Each structure stands twice: as structure tokens, then as C-alpha cells.
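Residue numbers (this note's numbering): 10 to 148.
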């Protein structure tokens with residue numbers, strides 16, 4: 010997994026996460042992958058996770074990007090999360106006079122690789138030129 014994280018004010022973290030959520034479908038499209046971005050319900054905050062899951066879903070704090078490999082076959086390949094001040098409180102950092110907020114964007118690299126293989130076949134040399142160009146631009 011590759012995870013990008015930002016910290017700062019609530020406005021900064023919300024805008025940063027929204028930017029990623031908006032870019033994901035087009036970026037995956039350049040790879041020839043069909044994705045949808047949906048509210049997620051996979052919290053990771055310990056014992057209170059069921060209550061937190063309900064709250065996150067209501068606030069749309071976590072989004073997952075789902076890739077369609079084939080009809081009826083879908084897999085989460087990325088997520089964008091807004092942690093609010095959870096880590097600012099836990100680790101004592103601030104943004105101005107308030108506890109700092111954080112947000113992250115994570116990509117499941119092995120899931121992306123499986124999606125590419127499933128959609129385009131096992132031989133990367135046979136993949137569409139546009140997909141290879143999009144991948145080369147990442148290097």
C-alpha cells in the first residue's frame with residue numbers, strides 16, 4: 010500500500026481529500042480501469058469502531074474507490090479518509106490554536122496490479138499503448 014498523508018486545518022484537510030476523491034476516476038480511467046467512488050464503512054479506530062463507523066458514514070469521512078474487474082467482480086483499490094482531529098489530539102499537534110486535523114489517500118498497489126492484469130491480461134507488453142504511457146508517466 011502507498012499512503013499519502015496531510016495535516017493542518019480542517020479546511021486544508023477537507024480540500025486535500027476532496028481533490029483526491031475528484032481525481033481518482035479520471036486517473037484510473039487512464040489505466041483502462043472502471044472505478045466508482047463511494048462512502049466507505051471500514052473504520053480502523055479500535056473498540057468503538059461500530060459507533061465510529063456509523064458516524065463516519067454519516068459524515069462521509071471515508072471514501073473507497075472500487076474497481077470493476079469484470080461483471081460482478083469488484084474490489085476496493087484505494088481509499089481517502091478524513092480523520093478530523095483524532096491524531097492531533099492523540100499526538101498533540103496543532104493547526105493554529107486548534108488540534109491539527111489529518112487526511113490520507115491510500116492506494117492498494119497489489120490490488121491495482123491485479124486489476125491491471127485482470128483487465129488487460131498477464132503480458133504488460135500487450136497492454137494498450139495509452140495504459141503503458143500512463144504508467145510510464147508515474148515512474
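Just so you know, even glycine gets a beta-carbon here, dropped at the ideal spot from N, CA and C.
Note that the structure is predicted; figures quoted are calculated from it, not measured.
Counting Cβ pairs closer than 8 Å, one from the region 10 to 20 and one from the region 107 to 123, do we hit at least three? yes
Give the C-beta separation of residue 96 and residue 124 to the nearest angstrom, bearing in mind that I take them to be a contact with Cβ-Cβ under 8 Å. Incorrect: roughly 30 Å between the Cβ atoms, too far for contact.
Under DSSP, the alpha helix (DSSP H) around residue 29 begins and ends at which residues? 19 to 39
Starting from the C-beta of residue 90, find all residues in its chain whose C-beta is less than 6 Å away, skip the five residues before and the five after it, and write them out in chain order. 71 and 113
Judging by CA-CA distance, which residue of 48, 106, 105 and 104 is the nearest neighbour of residue 85? 48
Residues in its own chain within less than 8 Å of residue 130 by CB, not counting five upstream and five downstream? Closer than 8 Å at Cβ, skipping near neighbours: 136.
Quick one: Cα of residue 76 to Cα of residue 25, how far? 22 Å
Given this structure, state the Cα-to-Cα distance separating residue 132 from residue 147, to the nearest angstrom. 19 Å
Counting C-beta neighbours from all protein chains within 10 Å, is the total for residue 13 16 or more, i.e. buried, or is it exposed? exposed
Cα-Cα separation, residue 41 to residue 128: 8 Å
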